[in-house]
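Asks:
There are 2 protein chains.
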Amino acid sequence: MSGAGEKIAVVLLSGGLDSATTLAVARRDGFACHALSFDYGQRHRFELGAAGRVAAAGGAALHRVLRVDLSAAAGFGRSALTDDIDVPKDGRATGEPAIPPTYVPARNTIFLGLALGYAEVVGSFDIFIGVNAIDYSGYPDCRPEFVAAFEALANVATAAGAAGRGRFRIHAPLMELTKGRIIRLGLDLGVDYSLTHSCYDPAPDGAACGRCDACRLRLAGFEAAGVADPARYVARP
Amino acid sequence: MSGAGEKIAVVLLSGGLDSATTLAVARRDGFACHALSFDYGQRHRFELGAAGRVAAAGGAALHRVLRVDLSAAAGFGRSALTDDIDVPKDGRATGEPAIPPTYVPARNTIFLGLALGYAEVVGSFDIFIGVNAIDYSGYPDCRPEFVAAFEALANVATAAGAAGRGRFRIHAPLMELTKGRIIRLGLDLGVDYSLTHSCYDPAPDGAACGRCDACRLRLAGFEAAGVADPARYVARP
Numbered sequence: 007m008s009g010a011g012e013k014i015a016v017v018l019l020s021g022g023l024d025s026a027t028t029l030a031v032a033r034r035d036g037f038a039c040h041a042l043s044f045d046y047g048q049r050h051r052f053e054l055g056a057a058g059r060v061a062a063a064g065g066a067a068l069h070r071v072l073r074v075d076l077s078a079a080a081g082f083g084r085s086a087l088t089d090d091i092d093v094p095k096d097g098r099a100t101g102e103p104a105i106p107p108t109y110v111p112a113r114n115t116i117f118l119g120l121a122l123g124y125a126e127v128v129g130s131f132d133i134f135i136g137v138n139a140i141d142y143s144g145y146p147d148c149r150p151e152f153v154a155a156f157e158a159l160a161n162v163a164t165a166a167g168a169a170g171r172g173r174f175r176i177h178a179p180l181m182e183l184t185k186g187r188i189i190r191l192g193l194d195l196g197v198d199y200s201l202t203h204s205c206y207d208p209a210p211d212g213a214a215c216g217r218c219d220a221c222r223l224r225l226a227g228f229e230a231a232g233v234a235d236p237a238r239y240v241a242r243p
Numbered sequence: 007m008s009g010a011g012e013k014i015a016v017v018l019l020s021g022g023l024d025s026a027t028t029l030a031v032a033r034r035d036g037f038a039c040h041a042l043s044f045d046y047g048q049r050h051r052f053e054l055g056a057a058g059r060v061a062a063a064g065g066a067a068l069h070r071v072l073r074v075d076l077s078a079a080a081g082f083g084r085s086a087l088t089d090d091i092d093v094p095k096d097g098r099a100t101g102e103p104a105i106p107p108t109y110v111p112a113r114n115t116i117f118l119g120l121a122l123g124y125a126e127v128v129g130s131f132d133i134f135i136g137v138n139a140i141d142y143s144g145y146p147d148c149r150p151e152f153v154a155a156f157e158a159l160a161n162v163a164t165a166a167g168a169a170g171r172g173r174f175r176i177h178a179p180l181m182e183l184t185k186g187r188i189i190r191l192g193l194d195l196g197v198d199y200s201l202t203h204s205c206y207d208p209a210p211d212g213a214a215c216g217r218c219d220a221c222r223l224r225l226a227g228f229e230a231a232g233v234a235d236p237a238r239y240v241a242r243p
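Taken in sequence, the protein lines are chains A and B.
The number in this note's numbering is simply the position in the first sequence, starting from 1, with 6 added.
The number in this note's numbering is simply the position in the second sequence, starting from 1, with 6 added.
1) Taking 7 Å as the limit between beta carbons, can you name the residues of its chain near B:Ser20, skipping five residues before and five after?
2) For A:Thr202 and chain B, any beta-carbon pair shorter than 7 Å?
3) Using 7 Å as the limit for Cβ to Cβ distance, is B:Arg51 near chain A?
4) Could you tell me which residues DSSP puts in a beta bridge with B:Arg175?
5) Determine the direct distance from the alpha carbon of A:Ala41 to that of A:His69, and round the result to whole angstroms.
6) Answer yes or no: does any C-beta atom of chain A fall closer than 7 Å to that of B:Gly216?
7) Would you check if there are 3 or more beta carbon pairs closer than 8 Å linking the segment 176-196 of chain B to the segment 126-141 of chain A?
8) Out of curiosity, what's the CA-to-CA distance linking B:Arg173 and A:Ala63?
9) Is the beta carbon of A:Thr202 sitting closer than 7 Å to the one on A:Leu23?
10) In the DSSP assignment, what residue or residues form a beta bridge with B:Leu223?
11) Indicate whether at least one CB of chain A lies closer than 7 Å to the CB of B:Ala26.
12) With a threshold of 7 Å between beta-carbons, can B:Arg70 be considered close to chain A, or not?
13) Measure the alpha-carbon distance for B:Gly11 versus A:Val74 and round it to whole angstroms.
14) Taking the straight line between their C-alpha atoms, what separation do you get for A:Gly167 and A:Ala160?
15) Flag B:Pro146 as yes if its beta-carbon sits less than 7 Å from any beta-carbon of chain A, otherwise no.
16) Could one say the Cβ of B:Leu159 lies closer than 7 Å to chain A's Cβ atoms, at least one of them?
17) Apply the 10 Å Cβ neighbour rule to A:Ala26 and answer buried if 16 or more other Cβ atoms are within range, or exposed otherwise.
18) Please identify the residue among B:His177, B:Asp132, B:Ala86, B:Ala66 whose C-alpha is closest to the C-alpha of B:Arg149.
19) Can you list, in chain order, the residues of the segment 81-98 of chain A whose Cβ is nearer than 8 Å to any Cβ on chain B?
20) Whose CA, out of B:Gln48, B:Ala237, B:Ala125, lies closest to the CA of B:Ile14?
21) State yes or no: is the beta carbon of B:Ala168 nearer than 7 Å to at least one beta carbon in chain A?
22) Return the CA-CA distance between B:Ala61 and B:Val110, expressed in angstroms with no decimal places.
23) Please report whether the beta-carbon of B:Ala165 lies at a distance below 7 Å from any beta-carbon of chain A.
24) Give the secondary structure of B:Tyr239 by DSSP, where H, G and I count as helix, E and B as strand, and everything else as coil.
25) Using a Cβ-Cβ distance under 7 Å, would A:Pro111 count as near chain B?
26) Give the secondary structure of B:Arg73 by DSSP, where H, G and I count as helix, E and B as strand, and everything else as coil.
27) Within the continuous beta strand (DSSP E) that includes A:Ile246, where are the two ends?
28) Rounded to the nearest angstrom, what separates B:Pro94 and B:Pro107 at their Cα positions?
29) If A:Ala32 sits next to A:Val17, beta carbons under 8 Å apart, how far is it from one beta carbon to the other, in whole angstroms?
30) Give a yes or no on whether the minimum CB-CB distance between B:Val74 and chain A is below 7 Å.
31) Under a Cβ-count criterion, where at least 16 other Cβ atoms within 10 Å of its own Cβ denotes burial, should A:Pro146 be classed as buried or exposed?
32) If the criterion is Cβ atoms closer than 7 Å, does the pair A:Ala155 and B:Val233 meet it?
33) Return the CA-CA distance between B:Phe228 and A:Ser130, expressed in angstroms with no decimal places.
34) Anyone know if the C-beta pair for B:Ala66 and B:Val197 falls short of 7 Å?
35) So what does DSSP say about A:Asp45, is it helix, strand or coil?
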């Protein structure tokens with residue numbers, strides 16, 4: 007899948023809509039893509055299977071699942087995704103904190119740190135992440151200032167950066183897009199969204215709840231894009 | 007060990023001389039210390055036992071060993087510490103690269119990322135790391151610009167930082183000290199260096215090789231401090 011002259015990109019791939027689109031953008035831009043997923047103790051571990059299918063369908067040269075335990079048992083937790091805390095449903099009441107309980111402390115810093123080490127090992131200077139600061143949950147580590155700060159760090163933190171062998175770039179091609187535009191872009195690039203999984207709190211068989219923030223943002227995005235969401239839902243709002 | 011009013015610090019603890027001294031500095035500064043060590047596939051895994059003994063003797067409130075596989079089997083490796091690459095002995099020949107093969111790609115970024123997530127979970131804003139840019143091996147992620155870049159990142163990457171609940175500080179109290187002065191400082195603070203382990207390539211029973219960079223820096227430091235190194239060596243140069 008990867009030609010001899012292709013540059014390698016490392017693509018963070020959760021198996022959701024945004025990261026599937028990001029992989030398609032990296033392929034469009036001519037990169038041989040190494041997709042990285044994380045088994046971190048998430049409630050919606052179901053997404054890892056989706057990530058494997060998305061990687062294969064999206065033409066990734068390689069897909070790796072890295073383990074890093076961010077659960078309460080490992081001393082982390084404190085998130086609705088990794089701990090015994092309810093995933094909020096049906097939107098937020100007024101007066102609730104701007105950052106929801108599904109926030110996982112320092113998750114994207116940890117994932118990008120591992121992606122950076124991996125990139126240095128395989129000789130890549132291009133890391134793609136599907137973060138977005140328009141139709142998103144308010145996580146601090148999805149904002150442009152976070153991406154810029156990590157890129158600055160990457161270039162002083164590594165042998166490859168410090169020796170000037172290249173300049174690391176953190177690509178966040180979805181940052182300024184609405185969810186509807188992300189979906190239109192992905193469809194143009196041939197993404198099969200039926201393979202993706204977004205729900206934070208799926209049924210045991212993987213059907214999406216239709217009520218968590220991730221489902222609500224996804225459904226609103228498909229509506230804005232004017233196409234049907236091919237995902238399987240327990241219930242649609 | 008930790009009073010109700012004490013602020014928590016997260017201290018990266020490898021079990022070596024520098025991190026043992028850093029723990030002592032954090033205790034001197036009045037912090038209740040949560041010590042974090044990493045089981046990352048290192049050749050000198052022996053250091054983890056040392057870390058446990060240093061944490062206990064140094065008055066850490068808690069010691070945790072986190073697993074994050076940076077070995078070749080997990081797609082990383084490419085370091086003499088995590089792969090089938092010889093650890094250099096007896097110093098460097100002229101013309102060798104400034105950054106030695108014991109460099110582990112993005113190691114301190116990965117470790118500090120995990121420490122940052124852990125700090126946010128336990129309500130700490132103070133992370134201590136024993137990096138040093140004087141008598142060191144030339145690793146890019148031990149330099150002041152790395153520490154400053156990570157501190158900047160920490161304050162935009164987290165809910166606690168973004169919401170202004172506090173300001174994360176990355177403390178690197180050894181940064182500008184020679185190895186000899188680090189040892190003098192630690193002795194003044196009661197560090198028992200016989201518990202520490204520095205060697206990259208120990209014998210099966212844990213005895214230090216006396217010839218790798220870590221041993222050489224350590225031995226020169228004890229000589230400069232004018233005290234005997236209590237570590238057990240296979241051979242001293």
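All residues carry an ideal CB built from backbone N, CA and C; glycine is no exception.
Replies: So, from the listed chains and residues:
1) Ser43, Glu53, Ala57
2) No - not a single Cβ of chain B is within 7 Å of the one on A:Thr202.
3) no
4) B:Asp132
5) 5 Å
6) no
7) no
8) 43 Å
9) yes
10) For B:Leu223, which the question treats as bridged, DSSP gives no partner whatsoever.
11) no
12) yes
13) Cα to Cα, B:Gly11 sits roughly 32 Å from A:Val74.
14) 7 Å
15) yes
16) yes
17) Counting Cβ neighbours within 10 Å, A:Ala26 comes out buried, since at least 16 surround it.
18) For the set B:His177, B:Asp132, B:Ala86, B:Ala66, the Cα lying nearest the Cα of B:Arg149 is the one of B:His177.
19) Gly81, Phe82, Gly83, Arg84
20) Between B:Ile14 and the set B:Gln48, B:Ala237, B:Ala125, the nearest pair of CA atoms involves B:Ala125.
21) The C-beta of B:Ala168 comes closer than 7 Å to at least one C-beta of chain A.
22) Taking C-alpha positions only, B:Ala61 is separated from B:Val110 by approximately 24 Å.
23) yes
24) strand
25) For A:Pro111, the answer is yes, since a Cβ of chain B falls inside 7 Å of its Cβ.
26) strand
27) This structure leaves residue 246 of chain A out entirely; chain A is present only between 7 and 243.
28) Whole-angstrom Cα-Cα distance: 8 Å.
29) 5 Å
30) yes
31) Classification for A:Pro146: buried.
32) no
33) 40 Å
34) no
35) strand
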